[in-house]
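Enquirer:
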Amino acid sequence: QVIPNAIFRCQFILWLQNASRTICSFLAATVSLDRFLRSEYPMKSRLWCTKKNVIKLFAIYCFFSVSFYTFFFHPLNVFNAQGQCSFPIPSTFRLFALNILPPIRFIIICVLPVIIMVGCGGRMLYNIQQSKKRVSQQPAKAKVDIATIIPPSSKGSNLTEETRKERANIDYMLLLMVLANVAAYIITQIPFNVYTLYYGYETSDDYTVYSLIRAFLLMWSSVYFGIGFYLFCITSPQFRKQFITKIKT
1 QVIPNAIFRC QFILWLQNAS RTICSFLAAT VSLDRFLRSE YPMKSRLWCT KKNVIKLFAI
61 YCFFSVSFYT FFFHPLNVFN AQGQCSFPIP STFRLFALNI LPPIRFIIIC VLPVIIMVGC
121 GGRMLYNIQQ SKKRVSQQPA KAKVDIATII PPSSKGSNLT EETRKERANI DYMLLLMVLA
181 NVAAYIITQI PFNVYTLYYG YETSDDYTVY SLIRAFLLMW SSVYFGIGFY LFCITSPQFR
241 KQFITKIKT
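Numbering-wise, the UniProt record's numbering puts 158 at position 158 of the sequence shown, and it's gapless, one number per residue.
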């Protein structure tokens with residue numbers, strides 16, 4: 001045993017893993033919701049998407065996650081006869097930890113975030129398509145009017161058109177980031193949570209195979225958080241632009 005202390009290995013580590021994963025899942029869904037609000041309600045989002053509200057949400061996420069998984073510190077959560085973290089004594093705690101918690105955790109960590117991400121991404125895609133239709137209809141209308149009235153060109157109209165195109169490009173970039181984020185989340189998170197859900201009802205006592213598969217899937221699920229950082233920071237032209245501006249100032 002690398003860490004023989006059952007309180008640290010079986011209680012603290014499991015509590016920390018589940019609490020941190022829940023917080024990160026909520027934050028990933030919140031990022032998609034933030035992108036959706038900025039695209040759907042550009043004016044109101046200035047009041048909603050603020051640093052103060054982000055701090056409040058983060059505090060709520062932390063409080064919920066830390067409190068929800070405190071049952072891992074139950075005294076029955078110790079080593080079994082093989083020296084593995086388990087719940088050797090049949091009890092209400094064992095029933096909750098192996099049969100009731102996995103479905104709840106699957107809904108909280110997988111189902112709800114995926115629904116929010118897919119819903120926000122779908123709505124953003126619809127908004128962009130509607131915006132493209134409006135832009136494509138404007139030149140056709142201008143061609144009809146040009147036979148009778150030739151509107152004078154102005155610098156203001158050019159700026160408005162440039163602003164419109166720039167905003168459309170930003171919306172398209174945000175949409176691609178959101179869709180890529182949803183795909184990465186589904187590919188990396190669902191296998192681990194489905195396996196833990198399955199193991200709660202598995203009757204086999206081969207804990208070695210379970211621990212190896214769980215460790216591999218846990219590492220695979222952790223890849224998402226690196227992908228999320230890359231998508232929303234490094235690959236974003238807006239982020240790089242703002243980052244360089246902050247450095248220069």
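Ideal Cβ placement from N, Cα and C applies to all residues, glycine included.
Measure the Cβ-Cβ separation of I128 and L175 and say whether it is below 8 Å.
Expert: Yes, the pair counts as a contact, with Cβ atoms nearer than the cut-off.
Enquirer: For a test of the three-state rule: what should DSSP assign to P42, helix, strand or coil?
Expert: DSSP places P42 in coil when its eight states are reduced to three.
Enquirer: Starting from P75, follow the alpha helix (DSSP H) in both directions and report where the run begins and ends.
Expert: No alpha helix (DSSP H) contains P75, which DSSP labels as neither H nor E.
Enquirer: Mind reading off the beta-carbon distance from W220 to T188? Whole number of angstroms is fine, and I expect it under 8 Å.
Expert: 6 Å between Cβ atoms; contact.
Enquirer: Just to check my reading of the structure: I227 and A184 have Cβ atoms closer than 8 Å, yes? What is that Cβ distance to the nearest angstrom?
Expert: Between A184 and I227 the Cβ distance is about 5 Å, and since that is below 8 Å, they are a contact.
Enquirer: Counting Cβ pairs closer than 8 Å, one from the segment 16-34 and one from the segment 47-62, do we hit at least three?
Expert: At 8 Å Cβ cutoff, the stretches touch.
Enquirer: With 16 other CB atoms within 10 Å as the buried threshold, where does W15 fall?
Expert: By the neighbour-count rule (16 or more Cβ atoms within 10 Å), W15 is buried.
Enquirer: Throw me the rounded Cβ distance for the Y210 and Y224 pair, which I believe falls under 8 Å.
Expert: Incorrect: roughly 22 Å between the Cβ atoms, too far for contact.
Enquirer: Would N193 and I100 qualify as a contact pair, given that the criterion is a beta-carbon distance under 8 Å?
Expert: The answer is no: Cβ separation not under 8 Å.
Enquirer: Tell me the rounded alpha-carbon separation between Y126 and V78.
Expert: If I take the Cα positions, the gap works out to 51 Å.
Enquirer: Can you find the residues in the same chain that come closer than 8 Å, C-beta to C-beta, to F93, ignoring five residues on each side of it along the sequence?
Expert: Answer for F93: F71, H74, L76, N77, F87, listed in chain order.
Enquirer: For A19, which option in M173, S65, L212 has the closest C-alpha, if you only look at C-alpha atoms?
Expert: Taking only the C-alpha atoms, the option nearest A19 is S65.
Enquirer: Would you mind giving the Cβ-Cβ distance between L33 and C120, rounded to the nearest angstrom? I have them listed as a contact below 8 Å.
Expert: Indeed, because the Cβ distance is near 6 Å, the residues count as touching under 8 Å.
Enquirer: Contact defined as beta carbons within less than 8 Å: I believe M124 pairs with F36. What is the distance between those atoms, to the nearest angstrom?
Expert: So it is a contact: roughly 6 Å between Cβ atoms.
Enquirer: What separation, rounded to the nearest whole angstrom, lies between the Cα atoms of Y230 and N181?
Expert: Y230 and N181: Cα-Cα distance of roughly 10 Å.
Enquirer: Consult DSSP for C49 and reduce its assignment to one of helix, strand or coil.
Expert: In the structure shown, C49 sits in coil (DSSP, three-state: anything other than H, G, I, E or B).
Enquirer: Excluding the 5 residues preceding and the 5 following V118 in the sequence, name in chain order all residues of the same chain whose CB lies nearer than 8 Å to its CB.
Expert: If we look at V118 and ignore the five residues flanking it on each side, its Cβ neighbours are V182.
Enquirer: CB L197 to CB P103, shorter than 8 Å?
Expert: Contact flag set, yes.
Enquirer: Going by the DSSP bridge assignment, what does C85 pair with across the sheet?
Expert: DSSP lists F79 as partners of C85.
Enquirer: Where do the ends of the alpha helix (DSSP H) carrying V104 lie?
Expert: One point to set straight first is that residue 104 is Ile, not Val, in the sequence displayed. It spans 101-106 - the alpha helix (DSSP H) in which I104 sits, taken as one unbroken run.
Enquirer: Distance, Cα to Cα, L27 vs P113?
Expert: Approximately 9 Å, taken between the alpha carbons.
Enquirer: Please report how far the alpha carbon of Y69 lies from the alpha carbon of A97, in whole angstroms.
Expert: Roughly 10 Å separates the two Cα atoms.
Enquirer: Assuming R94 is part of the alpha helix (DSSP H), what are its boundary residues?
Expert: Run containing R94: 92-95, per the alpha helix (DSSP H) assignment.
Enquirer: Could you give the distance in angstroms between the alpha-carbon of K241 and the alpha-carbon of Y172?
Expert: C-alpha separation (whole angstroms): 17 Å.
Enquirer: How big is the Cα-Cα spacing for R164 and S131?
Expert: R164 and S131: Cα-Cα distance of roughly 10 Å.
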